[in-house]
Amino acid sequence: MTRPTPKEIKAMTDVVGIPVDVEVATRIANSIGPAFEGFAAVAGTLPFDLEPAAFLLVQSAKVEK
Amino acid sequence: MSAEPALLSLTAVAQAIAQKRLSSREVTQSCLDRIAAWQPRLNAFMAIEADAALVAADAADAALAKGKLSGPLHGVPLAHKDMYYDAGHVVSCGSKIRRDFVATTTSTALQRLKDAGTIRLGSLQMVEFAYGPTGHNAHYGAVHNPFAVDHITGGSSSGSGSAVAARLTFAALGSDTGGSIRMPAHFCGVTGLKTTYGRISRAGAMPLSQSLDTVGPLARTAEDCALLLGLMAGADPADLTAVARPVPDYLAATRESIHGLTIGVPTAFYVDDLDAGVAKILDETIAVLKREGANIVAVELPDQRQLTAACQLVLAVEAAAFHKRWLIERPGDYGPQVLMRLQNGLAIPAVSYLEAMRWRGPALAAYNAAVAGVDAVIAPVAPVPAPTIAESDVGNSPDAESVIQRLTRFTRPINYLGLPSLAIPSGFTRGGLPVGMQLIGRSFDEAMLLRIGAAFQRATDFHDRVPK
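Chains as they are written, first to last, in this note's numbering: chain P, 9 to 73; chain F, 121 to 588.
Here is the structure:
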């Protein structure tokens, strides 16, 4: 997963309906870039049948020392 | 009995009122006196409701005189972060946008404390919409740290940390989405409990991120947090994420020894790049726990940087979604930093957000496996003590997000995993700034954290230190 470029961010915010200028798009790219890079090792690797609700199942499972 | 009732702990003052050793009016007046003295220096309160508080205190005293005790916190005056809906009261959420918003409902957590007998002192300052870790607020000014007023309190529960530390309120509700209870607890030298996701209802609490938001108390001691948690925890038809698990006797847990418990110290991440003072206090805290009978072992945790990144993806998107309407209609009414951070969420693809959400289960399972041999993990809340207000006033500058990420790097993984964490005052730097450590537990095992925290507080006096 690569960080979005300012140009891509500009297009995305236009689609969302809250357009930003190039300066803000550049700032956003710098702000969220590290999150994309930090998550890169996980992105695209998850099993097909995994869904968000799995978190609640793990959370409620009994964990003994 | 302390000459100044406001200096008592929540548990002690509640008992003193119930046993008629102190009246609610005496206690409330004592808090109001301290508020009058400290508020000009701290800016901790959003609203001070002195007359109404004294009227409520008199009513509580009159009821008690007739033998009517409304609950375990009868007549105890409290103030909370200004994001808990309280019917008929303005709830600003630290914002200009909601400056005049009058709640028509009362949040479940707050109602449960009212049902226990508490009375309202006013409301506490916070970071705008709870979206920031420092305590700055573009609309209402920064809140100041009572131990060093040119330093930050941490946020977003800035007023809660400051007011509890200065003994203006016995305890305060905060909220923790990325560290917003633990950061002020650490910087201000108070005890703060970030609860398990689902332990306390979020109904009527201003949302920031529905997958990460948690409600919890800041107070002077682990025992006080235990008392409050026991009153607030449990299922709620108004919030189906509040789980219907039994509510343990948290107060009883605080009286248990920690002899024979095993506490894990991470081998990496939480011990990397620490300020020298924080590192020293971590070592001293571990030494105290060892003296109290705990076994200390090293634990190798999964890559916490990935958790931090996943947390940022989830938080940014969910916050932007909550705020979309105002981002369209009133962007100029946000402070620069909050607007900047909300805009970040507009640029994260839905697939990335959902991948971060889908990974939570496996990530929690991997963490649980790594800590299977320990009862809790200990780690610093933040790598540094409180910076100054001036040096951390980064606004919407290009490096603002990196400053924020550095401050919250030890708290965000815990929010992503939904785990409970108790921040406890653990020492002071040479310069007199408080430093807190966090005890991280298993899902829904707040009792274990409160047990360890209380044992630590029986052996130390950091939580008893009152700012001058």
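C-beta atoms are modelled at their ideal positions from N, C-alpha and C, and glycine is treated no differently.
Using beta carbons (cut-off 8 Å, strictly below), is residue i in contact with chain P?
{"i": "F/TRP479", "result": "yes"}
{"i": "F/ALA579", "result": "no"}
{"i": "F/TYR460", "result": "In the sequence as presented, Tyr is not what sits at residue 460 of chain F; that position holds Met. Taking Cβ atoms only, chain P reaches closer than 8 Å to F/MET460, which makes this a yes."}
{"i": "F/GLN432", "result": "yes"}
{"i": "F/LEU484", "result": "yes"}
{"i": "F/GLU475", "result": "yes"}
{"i": "F/THR224", "result": "no"}
{"i": "F/GLN135", "result": "no"}
{"i": "F/GLN139", "result": "no"}
{"i": "F/ALA436", "result": "yes"}
Given that residue i touches chain P, what residues does it touch there, using C-beta distances under 8 Å?
{"i": "F/GLY538", "result": "PHE63, GLN67"}
{"i": "F/SER472", "result": "MET9, PHE44, PHE47, ALA51"}
{"i": "F/LEU421", "result": "Going along chain P, no residue has its Cβ under 8 Å from F/LEU421, so there is no contact; the nearest lies around 15 Å."}
{"i": "F/LEU447", "result": "ILE26"}
{"i": "F/GLN525", "result": "PRO42"}
Name the chain F residues that come within less than 7 Å of residue i, Cβ to Cβ?
{"i": "P/VAL30", "result": "Those within 7 Å of P/VAL30 in chain F number zero; the least Cβ separation is about 13 Å."}
Which residues in chain F sit within 8 Å of residue i, going by Cβ to Cβ distance?
{"i": "P/THR21", "result": "GLN463, LEU466, ALA467"}
{"i": "P/LYS73", "result": "THR382, ALA492, GLY493, VAL494, ASP495"}
Using 8 Å for Cβ pairs, my map puts residue i next to residue j. What's the rounded Cβ distance?
{"i": "F/GLY397", "j": "F/VAL523", "result": "Actually they do not touch by this definition, with Cβ atoms about 19 Å apart."}
{"i": "F/LEU542", "j": "F/ALA342", "result": "7 Å"}
{"i": "F/ALA177", "j": "F/PRO197", "result": "7 Å"}
{"i": "F/PHE249", "j": "F/GLY214", "result": "7 Å"}
{"i": "F/LEU241", "j": "F/ALA305", "result": "Incorrect: roughly 20 Å between the Cβ atoms, too far for contact."}
{"i": "F/LEU189", "j": "F/LEU351", "result": "Between F/LEU351 and F/LEU189 the Cβ distance is about 14 Å, and since that is not below 8 Å, they are no contact."}
{"i": "F/ILE239", "j": "F/ALA180", "result": "6 Å"}
{"i": "P/ALA43", "j": "P/ILE17", "result": "Actually they are not in contact, since the Cβ atoms of P/ALA43 and P/ILE17 sit about 13 Å apart, beyond 8 Å."}
{"i": "F/GLY481", "j": "P/PHE63", "result": "4 Å"}
{"i": "F/LEU130", "j": "F/LEU347", "result": "6 Å"}
{"i": "F/TYR454", "j": "F/LEU466", "result": "With 8 Å as the limit, F/TYR454 and F/LEU466 do not qualify as a contact, their Cβ atoms being about 13 Å apart."}
Got a sec: is the Cβ-Cβ distance from residue i to anything in chain F below 8 Å?
{"i": "P/PHE47", "result": "yes"}
Would residue i pass as a contact of residue j if the rule is Cβ separation under 8 Å?
{"i": "F/LYS314", "j": "F/GLY336", "result": "yes"}
{"i": "P/ALA49", "j": "F/GLN426", "result": "yes"}
{"i": "F/ALA492", "j": "P/LYS73", "result": "yes"}
{"i": "F/ALA373", "j": "F/ILE320", "result": "no"}
{"i": "P/SER39", "j": "F/ASN257", "result": "no"}
{"i": "F/ALA126", "j": "F/CYS151", "result": "yes"}
{"i": "F/VAL501", "j": "F/THR531", "result": "yes"}
{"i": "F/VAL263", "j": "F/SER282", "result": "yes"}
{"i": "F/ALA506", "j": "F/LEU459", "result": "no"}
{"i": "F/ILE498", "j": "F/THR405", "result": "yes"}
{"i": "F/PRO518", "j": "P/ARG35", "result": "yes"}
{"i": "F/ILE544", "j": "F/LEU381", "result": "no"}
{"i": "F/ALA490", "j": "F/VAL419", "result": "yes"}
Quick one: list the residues of chain P neighbouring residue i, beta-carbon separation under 7 Å, in chain order.
{"i": "F/GLU521", "result": "SER39"}
{"i": "F/ARG562", "result": "VAL71"}
{"i": "F/GLY163", "result": "Going by the sequence as given, residue 163 of chain F is Asn instead of Gly. Near F/ASN163 there are no residues of chain P at all, since even the closest Cβ is about 28 Å away, more than 7 Å."}
{"i": "F/THR428", "result": "GLY46"}
Any beta-carbon of chain C closer than 8 Å to the one on residue i?
{"i": "F/ARG425", "result": "Going by chain labels, chain C is absent from the structure shown, which instead holds the protein chains P and F."}
Just to make sure I have the definition right: I need the residues of chain P whose C-beta is within less than 9 Å of the C-beta of residue i. Which are they?
{"i": "F/PRO518", "result": "THR34, ARG35, ASN38, SER39"}
{"i": "F/GLN245", "result": "Result: empty, since nearest Cβ-Cβ is about 26 Å, beyond 9 Å."}
{"i": "F/ALA258", "result": "None at all; the shortest Cβ gap to chain P is about 17 Å."}
{"i": "F/ASN488", "result": "VAL66, ALA69, VAL71"}
> Would you call the stretch 49-57 of chain P and the stretch 258-268 of chain F in contact, with 3 or more CB pairs under 8 Å?
Replying inline: With a cut-off of 8 Å, the stretch 258-268 of chain F and the stretch 49-57 of chain P do not count as touching, because too few Cβ pairs lie within range.
>> Could you check whether the stretch 463-477 of chain F touches the stretch 538-550 of chain F, counting it as contact only if at least three pairs of C-beta atoms, one from each stretch, sit closer than 8 Å?
In response: Verdict: no, contact absent.
>> Closer than 8 Å is the cut-off here; do at least three beta carbon pairs connect the stretch 563-570 of chain F with the stretch 365-380 of chain F?
In response: Segments in contact, yes.
>> Under 8 Å, with one C-beta from each stretch per pair, do the stretch 200-209 of chain F and the stretch 320-328 of chain F reach the 3-pair mark?
In response: Contact between the stretch 200-209 of chain F and the stretch 320-328 of chain F is present, with at least three C-beta pairs closer than 8 Å.
>> For the pair the stretch 160-169 of chain F and the stretch 277-296 of chain F, tell me if three or more CB-CB distances fall below 8 Å.
In response: Touching, yes, given that three or more Cβ pairs across the two stretches are closer than 8 Å.
> Contact between the stretch 214-226 of chain F and the stretch 465-474 of chain F: three or more CB pairs below 8 Å?
Replying inline: Note that the stretch 214-226 of chain F does not touch the stretch 465-474 of chain F; fewer than 3 beta-carbon pairs, one per stretch, sit closer than 8 Å.
>> Quick check: the stretch 398-410 of chain F against the stretch 437-457 of chain F, are at least 3 beta-carbon pairs closer than 8 Å?
In response: No, because fewer than three Cβ pairs between the stretch 437-457 of chain F and the stretch 398-410 of chain F fall closer than 8 Å, the two stretches do not touch.
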